[in-house]
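*Asks:* Sharing a structure with you now.
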Amino acid sequence: MCCDPVYQFQNDEICQRIDDLYPEIMAKIQQRADNYYWKSQIGVEQLGESRVHAISTFLFDSDVGNRERRYDLAPLQRLAHLFHTGVR
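Heads up: the sequence shown at position 47 corresponds to 47 in UniProt numbering, and the numbers run straight through without jumps.
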């Protein structure tokens with residue numbers, strides 16, 4: 001099970017937010033690229049592609065994942081409880 005407050009949003013809301021913020025976030029990363037340790041990523045472009053791929057994979061799976069209860073909208077307090085009790 002995955003827990004994250006972002007699961008409260010519909011796919012179209014998540015997509016819109018990404019479309020709105022992606023260029024700004026990538027520009028800021030590019031400006032500060034020297035501050036990053038690029039061990040697993042070749043650079044800013046590959047990082048962006050990797051993040052887009054990850055969110056696309058989630059969005060593709062989210063309807064089925066929600067029905068199968070693999071995604072849980074959990075407030076931070078509940079996340080802490082789940083972590084400390086070892087619930088998986």
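The beta carbon of each residue, even a glycine, is placed where N, CA and C say it ideally should be. Keep in mind it's a predicted model, so treat the numbers as computed, not measured.
Compute the Euclidean distance between the alpha carbons of Glu45 and Arg32, then round it to the nearest angstrom.
*Replies:* Straight-line Cα distance between these residues: approximately 13 Å.
*Asks:* Pull the bridge partners of Tyr71 from the DSSP assignment, please.
*Replies:* According to DSSP, which records beta bridges pairwise, Tyr71 is partnered with Cys2.
*Asks:* Just to confirm the assignment, what range does the alpha helix (DSSP H) spanning Asp19 have?
*Replies:* Segment Asn11 to Gln31, the alpha helix (DSSP H) holding Asp19.
*Asks:* Near Met26, which residues of its chain fall below 6 Å by C-beta distance, leaving aside the five closest residues on each side in sequence?
*Replies:* Answer for Met26: Gly48, listed in chain order.
*Asks:* Whole angstroms are fine: how far does the CA of Asp61 sit from the CA of Ser50?
*Replies:* Between Ser50 and Asp61, the C-alpha separation is close to 17 Å.
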